[in-house]
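J.: The C-terminal position of the sequence shown is numbered 203 in the UniProt record's numbering, with every residue numbered one higher than the one before it. A virtual CB, placed ideally from N, CA and C, is assigned to each residue, including glycine. A quick note: this is a predicted structure, and the numbers were derived from the prediction, not measured.
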Amino acid sequence: MKRITKLSLLSLGLLFFGCNIEKLEQSQTQSQVLSEKKTPEKNKDFDVSESDNSSSTDLEDNCYTTRLIAGQHYDIGTVTIDVEGDILTVTYTTNGDWVLNATHLHVSSCEEDGFPVTGANNPKIGHFDYASEHEESTTQVIYTIDIGEITGELCFAAHAEAGGPSEETAWAEGEGFGGNSWAMYFVADLTDCDDEDTPPTYG
Numbered sequence: 001m002k003r004i005t006k007l008s009l010l011s012l013g014l015l016f017f018g019c020n021i022e023k024l025e026q027s028q029t030q031s032q033v034l035s036e037k038k039t040p041e042k043n044k045d046f047d048v049s050e051s052d053n054s055s056s057t058d059l060e061d062n063c064y065t066t067r068l069i070a071g072q073h074y075d076i077g078t079v080t081i082d083v084e085g086d087i088l089t090v091t092y093t094t095n096g097d098w099v100l101n102a103t104h105l106h107v108s109s110c111e112e113d114g115f116p117v118t119g120a121n122n123p124k125i126g127h128f129d130y131a132s133e134h135e136e137s138t139t140q141v142i143y144t145i146d147i148g149e150i151t152g153e154l155c156f157a158a159h160a161e162a163g164g165p166s167e168e169t170a171w172a173e174g175e176g177f178g179g180n181s182w183a184m185y186f187v188a189d190l191t192d193c194d195d196e197d198t199p200p201t202y203g
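1. If you draw a straight line from the alpha carbon of residue 122 to that of residue 166, how long is it in whole angstroms?
2. Using 10 angstroms around the beta-carbon of residue 176, count the other beta-carbons present and answer buried if the total reaches 16, otherwise exposed.
3. Just list the residues that DSSP pairs residue 88 with in beta bridges.
4. Going by beta carbon distance, what residues of the same chain come within less than 7 Å of residue 144, once the five residues before and after it are set aside?
5. Could you pull out every residue in the same chain whose Cβ sits closer than 8 Å to the Cβ of residue 105, ignoring the five residues on either side in sequence?
6. For residue 95 and residue 179, what's the separation of their Cα atoms in angstroms?
7. Is residue 76 helix, strand or coil when you go by DSSP?
8. Could you say which of 52, 66, 62, 76 lies nearest to residue 162 if we only look at CA atoms?
9. To which residues of the same chain is residue 194 closer than 6 Å at the C-beta, ignoring the five residues directly before and after it?
10. Under the three-state reduction of DSSP, which class applies to residue 176: helix, strand or coil?
11. DSSP three-state label for residue 134, please.
12. Give me the Cα-Cα distance between residue 137 and residue 52, rounded to the nearest whole angstrom.
13. Could you compute how far the alpha carbon of residue 192 sits from the alpha carbon of residue 183?
14. Can you have a look at residue 140 and say buried or exposed, based on whether 16 or more other CB atoms are within 10 angstroms of its CB?
15. Excluding the 5 residues flanking residue 93 on each side, which residues of the same chain have their C-beta closer than 6 Å to its C-beta?
16. Report yes if the CB atom of residue 190 is closer than 8 Å to the CB atom of residue 125, and no otherwise.
17. Just to check my reading of the structure: residue 66 and residue 186 have Cβ atoms closer than 8 Å, yes? What is that Cβ distance to the nearest angstrom?
18. So is residue 188 buried or exposed if we call it buried at 16+ other beta carbons inside 10 Å?
19. Taking residue 49 as the reference, give the member of 111, 170, 102, 168 with the closest Cα.
20. If you follow the beta strand (DSSP E) that residue 101 is in, where does it begin and where does it stop?
21. Between the Cα of residue 153 and the Cα atoms of 114, 74, 118, 98, which residue gives the shortest distance?
What follows is the structure in structure tokens.
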């Protein structure tokens, strides 16, 4: 009888232990899924190049050009957009003594939820699809993105951490996000950007 009781207790113990392990595995799986949802994978299909010698290319050669504004008041350069086939090229270029310490870029199809934002409509720069830190004295950064077929309008949020005369946050000039910051995005119609006979657009 004692032997049967011991076996019964042992069986119950193993059953209880097995159930706890299963619950723990389920909990770990759920945590992993939640973590993946909170931290979406960055788009890796792009290249970044940088230079300490700003290109002297005429801005009229670019498909779309807008100003790069630092600290809300300083015109420190430009952000240009170009298209060749399925390749989208976004170029940050500074002027004067301004340099680029880091850049963050997000490209969307201009849908309502096209940009990662907080509940207060401020952009989540750390969630932008493309980002890079740069060497000292960098004055030009070029993102080359294989984005697929490009038709119609695209929305761009181009942010930079600028240095030089002072340390400033910079944004490509455009429309405000509607939050309590001065962050901006711009809309570019790239329908005919791959056509050499089409004149450029200025933001």
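T.: According to the data block:
1. Their Cα atoms are separated by approximately 24 Å.
2. Residue 176 comes out exposed.
3. For residue 88, which the question treats as bridged, DSSP gives the partners 83, 145.
4. Excluding residues within five positions, the ones whose Cβ falls inside 7 Å are 46, 47, 87, 89.
5. Same-chain partners within the cutoff: 90, 128, 129, 130, 131, 143, 156, 157, 158, 159.
6. Near 29 Å, if we compare the C-alpha coordinates of residue 179 and residue 95.
7. Secondary structure at residue 76: strand, using DSSP grouped into helix, strand and coil.
8. In this structure, 76 is the residue among 52, 66, 62, 76 with its C-alpha nearest to the C-alpha of residue 162.
9. Correct list, in chain order: 83.
10. DSSP places residue 176 in strand when its eight states are reduced to three.
11. In the displayed model, residue 134 falls within coil according to three-state DSSP, outside both helix and strand.
12. Straight-line Cα distance between these residues: approximately 6 Å.
13. Answer to the nearest angstrom: the Cα atoms are 28 Å apart.
14. By the neighbour-count rule (16 or more Cβ atoms within 10 Å), residue 140 is buried.
15. 54, 77, 78, 140, listed in sequence order.
16. No. Outside cutoff.
17. Contact holds; Cβ gap of about 5 Å.
18. It is buried - the Cβ of residue 188 has at least 16 other Cβ atoms within 10 Å.
19. Answer by Cα proximity: 102.
20. That run of the beta strand (DSSP E) goes 99-108.
21. It is 114.
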